[in-house]
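Sequential numbering from 789 applies to the sequence shown in our numbering. Note sheet for the following structure.
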Amino acid sequence: MEKLDGVIFDLDGVITDTAEYHYRAWKELAKQVGITINREFNENLKGVSRMDSLERILAYGGRLGDFNDEEKSEMANWKNELYKEMITDIKPTDILPGVVSFLDELKMAGVRTAVASASKNAETILEALKIRDRFDFVVDAAEIKNSKPDPEIFLKALELLELSADVCVGLEDAAAGIDSIKGAGIRAVGIGDAKILSHADIVLEGTEQLRLKTLEALA
Ligand code: BG6
Ligand code: MG
């Protein structure tokens, strides 16, 4: 890539560690209906929308047919209320290491930024972390019809940025997210376990390794 013009960030697990609280809240919800989930299964939920996550849990526990739409909606709300309780105290010190200095580096270089999160809580979380203003755009998850790994959300981010895929990179901690980035024709940077994120163009162990130079080298 000659010049990097745009970076598209996932939120949960990339900007802050809310992925952990999504897991804990889903585990509690699953327990209420007699289903046990573990961290390995949780990898299938990362990046996936609230209702799709619930349906994956119910299918995993063989209970998908046991609840109607109204009941499923109540369960999804229950999980979201628990999740919101868990993150009430979220603050700027909860931003993952290196993210702020990376955003500074991007700003200095004139690189535009967007957030492409499946979470309907994204705006609230970014405000609480006091970094909403650092991003040029935040895709509204409510407008997205197809969950990651569908490329819809990253394509929407490109549209908002008014940039083509070849001058951008996407950052993700979830396998579904990496496939969503790649499906949009964008280069993908995985943050986390290289085995889980094997479809990424490059995998960094953690956000503290984010550098503009590393991303630009992804030719
Ligand atoms: C994604 C998370 O960012 O957002 C998923 O990785 C979560 O775990 C999804 O289910 C939807 O989030 P929310 O906050 O709208 O329930
Ligand atoms: Mg994520």
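C-beta atoms are modelled at their ideal positions from N, C-alpha and C, and glycine is treated no differently.
| Just reading off the alpha helix (DSSP H) that phenylalanine 890 is part of, what are its end residues? | 887-896 is the span of the alpha helix (DSSP H), which, as asked, contains phenylalanine 890.
| said: With a threshold of 8 angstroms, are at least 3 pairs of Cβ atoms found where one atom belongs to the region 933-942 and the other to the region 958-965? | reply: Taking 8 angstroms as the limit for Cβ pairs, the verdict is that the region 958-965 does touch the region 933-942.
| task | Quick one: using the 10 Å Cβ neighbour count with 16 as the cut-off for buried, is arginine 838 buried or exposed? | result | By the 16-neighbour rule on beta-carbons within 10 angstroms, arginine 838 is buried.
| In three-state DSSP terms, what is leucine 852? | Leucine 852 falls in the helix class under three-state DSSP.
| Taking the alpha carbon of tyrosine 871 as the point to measure from, which residue in Ala910, Leu846, Leu852 and Arg851 has its own alpha carbon closest? | Per the C-alpha coordinates, the member of Ala910, Leu846, Leu852 and Arg851 positioned closest to tyrosine 871 is Ala910.
| query | How long is the line joining the alpha carbons of glutamate 862 and leucine 846, rounded to whole angstroms? | reply | Computed Cα separation, rounded: 14 angstroms.
| Outcome for leucine 960 when other beta-carbon atoms lying within 10 angstroms are tallied against a minimum of 16 | Here the sequence assigns glutamate to residue 960, which means leucine is not the residue at that position. Buried, by the Cβ-count rule.
| request: Per DSSP, which residues does valine 1026 bridge with? Please list them. | output: A query on residue 1026 cannot be resolved here, the shown segment of the chain reaching from 789 to 1007 and no further.
| request: May I ask you to check if the CB of valine 802 is nearer than 7 angstroms to at least one heavy atom of the ligand MG? | output: For the ligand MG, at least one heavy atom lies less than 7 angstroms from the Cβ of valine 802.
| task | Kindly indicate which three-state DSSP category glycine 801 falls into: helix, strand or coil? | result | In the structure shown, glycine 801 sits in coil (DSSP, three-state: anything other than H, G, I, E or B).
| For the ligand BG6, which residues have a Cβ under 7 angstroms from at least one heavy atom, in chain order? | The answer, residue by residue, is Asp798, Leu799, Asp800, Gly801, Ala807, His810, Leu833, Lys834, Gly835, Val836, Ser837, Arg838, Ser841, Asn868, Tyr871, Ser905, Ala906, Ser907, Lys908, Asn909, Ala929 and Ala962.
| query | Between which two residues does the beta strand (DSSP E) containing leucine 992 stretch? | reply | Start and end: 990-992.
| Count the other CB atoms within 10 Å of the CB of aspartate 798; is the residue buried (16 or more) or exposed (fewer)? | Aspartate 798 should be labelled buried.
| said: Could you check whether arginine 900 and leucine 943 sit closer than 8 angstroms to each other, using their CB atoms as the reference points? | reply: Not closer than 8 angstroms, so no.
| field | Supposed close pair glycine 958, isoleucine 796 - CB separation, criterion 8 angstroms | value | At roughly 5 angstroms, the Cβ-Cβ gap stays under 8 angstroms, so glycine 958 and isoleucine 796 are in contact.
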